[in-house]
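Data first, discussion second: the structure below is written as structure tokens.
Number of protein chains: 2
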Amino acid sequence: MAAKLKGKACVGQSGGPTAVINQTLAGIVQEARRHKEITALLGARHGVQGIFADDFLNLFKVAPKRLEAVAQTPGAALGSVRHKPKPEDCQRLFEQFKKNGVRYFFYIGGDDSALAAHLVNQAAAREDYELRIFHVPKTIDNNLMENDHTPGFGSAARFVASAVRGDDLDNRSIPGVKVDVIMGRDAGWLAASAMLARRKHGDGPHLIYLPETPFTIEKFTADVGKAVQKFGRCVVAVSEGIRDAQGNLWAAIAGERLFEALKDDQKNILGKPKKDAFGHHQLSGTGVLADYLTARIKETMDVGRVRGDTFGYLQRSFPGLASKPDAREARLVGRDAVKAACKGNVDGSIAIKREKGRAYKVHTEVVALEAVAGKNREVPKEYISADGNDILESFRAYCLPLVGELPETALLE
Amino acid sequence: MAAKLKGKACVGQSGGPTAVINQTLAGIVQEARRHKEITALLGARHGVQGIFADDFLNLFKVAPKRLEAVAQTPGAALGSVRHKPKPEDCQRLFEQFKKNGVRYFFYIGGDDSALAAHLVNQAAAREDYELRIFHVPKTIDNNLMENDHTPGFGSAARFVASAVRGDDLDNRSIPGVKVDVIMGRDAGWLAASAMLARRKHGDGPHLIYLPETPFTIEKFTADVGKAVQKFGRCVVAVSEGIRDAQGNLWAAIAGERLFEALKDDQKNILGKPKKDAFGHHQLSGTGVLADYLTARIKETMDVGRVRGDTFGYLQRSFPGLASKPDAREARLVGRDAVKAACKGNVDGSIAIKREKGRAYKVHTEVVALEAVAGKNREVPKEYISADGNDILESFRAYCLPLVGELPETALLE
Chain W
1329 MAAKLKGKAC VGQSGGPTAV INQTLAGIVQ EARRHKEITA LLGARHGVQG
1379 IFADDFLNLF KVAPKRLEAV AQTPGAALGS VRHKPKPEDC QRLFEQFKKN
1429 GVRYFFYIGG DDSALAAHLV NQAAAREDYE LRIFHVPKTI DNNLMENDHT
1479 PGFGSAARFV ASAVRGDDLD NRSIPGVKVD VIMGRDAGWL AASAMLARRK
1529 HGDGPHLIYL PETPFTIEKF TADVGKAVQK FGRCVVAVSE GIRDAQGNLW
1579 AAIAGERLFE ALKDDQKNIL GKPKKDAFGH HQLSGTGVLA DYLTARIKET
1629 MDVGRVRGDT FGYLQRSFPG LASKPDAREA RLVGRDAVKA ACKGNVDGSI
1679 AIKREKGRAY KVHTEVVALE AVAGKNREVP KEYISADGND ILESFRAYCL
1729 PLVGELPETA LLE
Chain Z
1329 MAAKLKGKAC VGQSGGPTAV INQTLAGIVQ EARRHKEITA LLGARHGVQG
1379 IFADDFLNLF KVAPKRLEAV AQTPGAALGS VRHKPKPEDC QRLFEQFKKN
1429 GVRYFFYIGG DDSALAAHLV NQAAAREDYE LRIFHVPKTI DNNLMENDHT
1479 PGFGSAARFV ASAVRGDDLD NRSIPGVKVD VIMGRDAGWL AASAMLARRK
1529 HGDGPHLIYL PETPFTIEKF TADVGKAVQK FGRCVVAVSE GIRDAQGNLW
1579 AAIAGERLFE ALKDDQKNIL GKPKKDAFGH HQLSGTGVLA DYLTARIKET
1629 MDVGRVRGDT FGYLQRSFPG LASKPDAREA RLVGRDAVKA ACKGNVDGSI
1679 AIKREKGRAY KVHTEVVALE AVAGKNREVP KEYISADGND ILESFRAYCL
1729 PLVGELPETA LLE
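Chains as they are written, first to last, in our numbering: chain W, 1329 to 1741; chain Z, 1329 to 1741.
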């Protein structure tokens, strides 16, 4: 048996927080305490920022009771970061680890974090420094390759399915057209989960649009018109990541068109649409897409009430609503990352695999960092209606076990 | 003892639905079943619309089990309506009642519904037709006179307090400025409830703005700037009903300014801001106010992340989140309305009164329709900070019993 690699471990959280990201942190802390070769566990504040600045928290000092309370808490307890490390940053990260005697690194995040982990790993390999690196999956977007689903998604989907069910009941009370914009930049999983709100014919959402299918305003308004004729109302779930046939984000198009439509001396009223550190257009935290889409509906048809809501940050941060399977699995991936790292000289990403069989059951596997890094897993075509404006009933069997049972609701008839 | 007034009863739901409006309906059905003088209970579909069109549901036919399931369901199960009846409409409503042998009318709604009930009552009195009319309180806005609070508010406040707590944790993870726009056209109770999200110094919301205090952009951006300096971030709760010194809604000003700023041939991109049947500007179902306010912040200071969310219809319709005291009291006002109507020739509005003493306890009283009709109850000055940009800690004792305990959250330190 090989000698155990002794040294400090470091853990960081990256990207958009989720309702269960701290379950993963708690899993890492709990499991690391069981391995004597891990001499200390450094919690990097705000991910790579904390590693650069030697800004660490001694996580072995956190009392188990507090750790449990933190595990139930949405948001990244260590602080997160929106910073895509360049190759030279990854070299510096490695040097910081070397300087601090870090031998284990656990990075909780999405596909960008997996890429960063991969680059740090390569820097360590070049210098023959044994560093065990694990990417630990987290994203409400559910878009990591190799995974059946990702921690954070089930809870966000639970929020979305509940919200759309409530919203559909509201719309039934006072009929009209309602557009709900749902998070998901590169994949429509979360918008697709709105289908769980539907139980009987006539229930909303009546239309669901994902980034996976090119979106045109003409088709959209025609679809809404048909639904209104059929149901006397229409509830629409739209992914914030919907794109035109060329792959341009409609949220960006709407923002730019609106900006261009302003008089030259009035541009400041909204300000120029900005991009973030990743070169991404801002999608959440603005109502522009919903307002643009509702304006297109008002323009093309005469419906009394047309409203748009953008679910925004509530989807990933609402306390007390976490899906139980999601919380459990978020803990699991954290524990399993530490177990795998302590087992031998291996690096990788922890992936959730669903087992075949009638009962819902999962296990984790170690997959290569490259298999996840910087990649995007789309909603398979088999779940999308031929028309591209709805999610098929088969998606329920995939999604419901991740979300848990939803609150019962009933109509008078 | 006077002979009991025998005849049919009618019930309707009006205005914006809530998470517990069907608890009130269930309370009315349950209690009406106990009174033999009520020969039938007609559920008017979509409020006054159903009364005009003889579109009724026989509510005595609804099985008790289904009624309980409906009681737990958000949205108005009978359908609601946004229609402010004119005096001549109220005359017609009365005539419909007379034609259908209706002797009891229960109208679940806000101050507009109380006004409609009052006018119908006057029409009945003119013809000496004995009609017992009760307005039964419902509004997430919590703005009915004579009431300590109103059914619907506690559940909406529970949503808002939870959402802002989660959002504050999210903002703590990736610091920046976050503006959350909260429902409440004429009174800031719901925005004020965001203060429940705060537990320790440094927790958001760091600023809270209500319609009760005139709002200026200059003060707002200066306040945000100070909070960012102090906390390195800032979470702001803003009522959708904030007004300038002349009483104009900022949501309307923002919408109009944006419309005016558009080039003449581009006006259609957003469309002209519309008013509803009440002559009200649309406040919810659009992100304009949040987008306008975040643009003002970006314009005046250099903060990396500035985001705005408009909580929208989720606040009043989210299933599975109802406050327990709110659900209980919503049932109570329904039952008590029927009891009062059956007791003798009296009309009025049911009001919730809080009893003095340490333990939270309420009872209902019958108050005059005129005392509630068309009136607005503002948040008292005593709860608002001298600066007009926050809610004082004393509000917690008022609000928390209505909301129930919130989910626990914890930080690592």
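Note that beta-carbon positions come from the ideal geometry of N, C-alpha and C, so glycine has one too.
Exercise for the section: Confirm, please, whether the CB-CB distance from Z:A1485 to Z:V1661 is below 8 Å. Expected result: No, the pair does not count as a contact, with Cβ atoms beyond the cut-off.
Handout entry: Residue span of the alpha helix (DSSP H) that contains Z:D1440, given as start and end
Key = From DSSP, the alpha helix (DSSP H) with Z:D1440 extends over 1439-1454.
Handout entry: Residues of its chain near Z:M1329, where Cβ-Cβ distance is below 6 Å and the 5 sequence neighbours each way are ignored
Key = Model confidence at Z:M1329 stands at a pLDDT of 48, short of 50, so the residue's coordinates are unreliable; what they give is reported in the following sentence. Listed in chain order, the non-local C-beta contacts of Z:M1329 below 6 Å within the same chain number zero, local neighbours out to five positions each way being set aside.
Handout entry: Which of helix, strand or coil DSSP assigns to Z:D1508
Key = In the three-state reduction of the DSSP assignment, Z:D1508 falls in the strand class, which pools E and B.
Handout entry: Alpha carbon of Z:L1333 to alpha carbon of W:A1555, nearest angstrom
Key = For Z:L1333 and W:A1555, the gap between their C-alpha atoms comes out near 46 Å.
Exercise for the section: Check each candidate in Z:Q1424, Z:G1599, Z:H1477 and name the one with the smallest Cα separation from Z:A1451. Expected result: Of the candidates Z:Q1424, Z:G1599, Z:H1477, the one whose C-alpha sits nearest the C-alpha of Z:A1451 is Z:Q1424.
Handout entry: Start-to-end residues for the beta strand (DSSP E) that takes in Z:G1494
Key = Taken as a continuous stretch (DSSP letters only), Z:G1494 belongs to no beta strand (DSSP E), being part of the alpha helix (DSSP H) at 1481-1501.
Exercise for the section: Answer yes or no: does any C-beta atom of chain Z fall closer than 8 Å to that of W:G1553? Expected result: No, because no Cβ of chain Z sits closer than 8 Å to the Cβ of W:G1553.
Exercise for the section: May I have the straight-line CA-CA distance separating W:S1567 from W:G1512, to the nearest angstrom? Expected result: Their Cα atoms are separated by approximately 6 Å.
Exercise for the section: May I ask which residues mark the beginning and end of the beta strand (DSSP E) holding W:E1693? Expected result: Counted as a single uninterrupted DSSP element, the beta strand (DSSP E) harbouring W:E1693 occupies residues 1690-1695.
Exercise for the section: Measure from the C-beta of Z:M1329 to each C-beta in chain W and report whether the shortest distance is under 8 Å. Expected result: Any reading at Z:M1329 must be qualified, since the residue scores a pLDDT of 48, below 50, and its modelled position is unreliable; no value is offered.
Practice task
Decide if the region 1524-1539 of chain Z is in contact with the region 1628-1648 of chain Z; the criterion is three or more beta carbon pairs, one per stretch, under 8 Å apart.
Solution key: In short, these stretches do not touch, since the Cβ pair count stays below three.
Problem - W:L1739 versus Z:T1638: straight-line alpha-carbon distance, rounded - result: One C-alpha to the other measures close to 28 Å.
Practice task
Indicate whether at least one CB of chain W lies closer than 8 Å to the CB of Z:F1481.
Solution key: Chain W places no beta carbon closer than 8 Å to that of Z:F1481, leaving this residue out of the contacts.
Practice task
Alpha carbon to alpha carbon, how far is W:H1477 from W:L1728? Give it in angstroms, no decimals.
Solution key: Spanning the two alpha carbons is a distance of roughly 12 Å.
Exercise for the section: Please name the residues in the region 1401-1433 of chain Z whose beta-carbon is closer than 8 Å to at least one beta-carbon of chain W, in chain order. Expected result: Of all residues in the region 1401-1433 of chain Z, T1401, P1402, G1403, A1404, A1405, L1406, G1407, S1408, V1409, R1410 have a Cβ within less than 8 Å of some Cβ in chain W.
Handout entry: Residues, ordered as in the chain, of the region 1678-1693 of chain W that lie near chain Z by beta-carbon distance below 9 Å
Key = Near chain Z, meaning a CB-to-CB distance below 9 Å, no residue of the region 1678-1693 of chain W qualifies.
Exercise for the section: Just list the alpha helix (DSSP H) runs in the region 1632-1709 of chain Z, keeping only unbroken ones of 4 residues or longer that don't cross its boundaries, in chain order. Expected result: Listed in chain order, the complete alpha helix (DSSP H) runs (minimum 4 residues) inside the region 1632-1709 of chain Z are 1642-1645, 1652-1671, 1697-1700.
Handout entry: Endpoints, the alpha helix (DSSP H) within which Z:G1583 is located
Key = 1578-1589 is the extent of the alpha helix (DSSP H) around Z:G1583.
Practice task
Taking only heavy atoms of the ligand PLP into account, decide whether any of them is closer than 7 Å to the Cβ of Z:D1417.
Solution key: No copy of the ligand PLP appears in this structure; indeed no ligand is present at all.
Handout entry: Given 8 Å, three or more beta-carbon pairs between the region 1391-1402 of chain Z and the region 1643-1656 of chain Z
Key = Under the Cβ criterion (8 Å, minimum of three pairs), the region 1391-1402 of chain Z counts as touching the region 1643-1656 of chain Z.
Handout entry: Unbroken beta strand (DSSP E) run spanning Z:R1460, endpoints
Key = For Z:R1460, the enclosing beta strand (DSSP E) stretches over residues 1460-1465.
Problem - Candidates W:R1362, W:I1349, W:A1589: closest to W:L1406 by CA position - result: Minimum Cα distance to W:L1406 is reached at W:I1349.
Handout entry: Within 9 Å of chain W by C-beta, residues of the region 1639-1662 of chain Z in sequence order
Key = Flagged, chain order: F1639, G1640, Y1641, L1642, R1644, S1645, F1646, P1647, G1648, L1649.
Handout entry: Z:E1711 burial status per 10 Å Cβ neighbour count (16 or more: buried)
Key = It is worth fixing the name first, because residue 1711 of chain Z is Tyr in this sequence and not Glu. Buried, because 16 or more other Cβ atoms sit within 10 Å of the Cβ of Z:Y1711.
Handout entry: Ranges of the beta strand (DSSP E) found wholly within the region 1357-1435 of chain W, counting only runs of at least 3
Key = Within the region 1357-1435 of chain W, the complete beta strand (DSSP E) runs of at least 3 residues are 1366-1372, 1384-1386.
Problem - Beta-ladder partner(s) of Z:R1561, from DSSP - result: Z:R1561 pairs with nothing; no bridge assigned.
Exercise for the section: Check the C-beta distance from W:S1441 over to W:Y1432 and give it rounded, since I have them as a contact under 8 Å. Expected result: With 8 Å as the limit, W:S1441 and W:Y1432 do not qualify as a contact, their Cβ atoms being about 16 Å apart.
Handout entry: Contacting positions in the region 1495-1507 of chain W - beta carbon closer than 7 Å to chain Z
Key = Of all residues in the region 1495-1507 of chain W, D1495, L1497, D1498, R1500, S1501, I1502 have a Cβ within less than 7 Å of some Cβ in chain Z.
Problem - Contact set for W:R1705: own chain, Cβ-Cβ below 7 Å, skip 5 residues either direction - result: For W:R1705, the CB contacts under 7 Å within the same chain, skipping 5 residues up- and downstream, are N1471, L1472, M1473, A1515 in chain order.
Handout entry: For W:Q1341, three-class secondary structure by DSSP
Key = When secondary structure is reduced to three states using DSSP, W:Q1341 falls in the strand class.
Exercise for the section: Report the partner residues of W:V1566 according to the DSSP bridge assignment. Expected result: Beta-bridge analysis with DSSP links W:V1566 to W:V1509, W:Y1537.
Exercise for the section: Give me whichever residues DSSP pairs with W:H1609 in a beta bridge. Expected result: BP columns for W:H1609 point to W:K1603.
Handout entry: CB-CB length for Z:L1385 against Z:R1373, believed under 8 Å
Key = 7 Å between Cβ atoms; contact.
Practice task
Examine chain Z for any beta-carbon lying closer than 8 Å to the beta-carbon of W:N1596, and answer yes or no.
Solution key: Interface flag for W:N1596 against chain Z is set, since a Cβ pair is found closer than 8 Å.
Problem - Cβ neighbour criterion (16 or more within 10 Å) applied to Z:Y1641 - result: It counts as buried.
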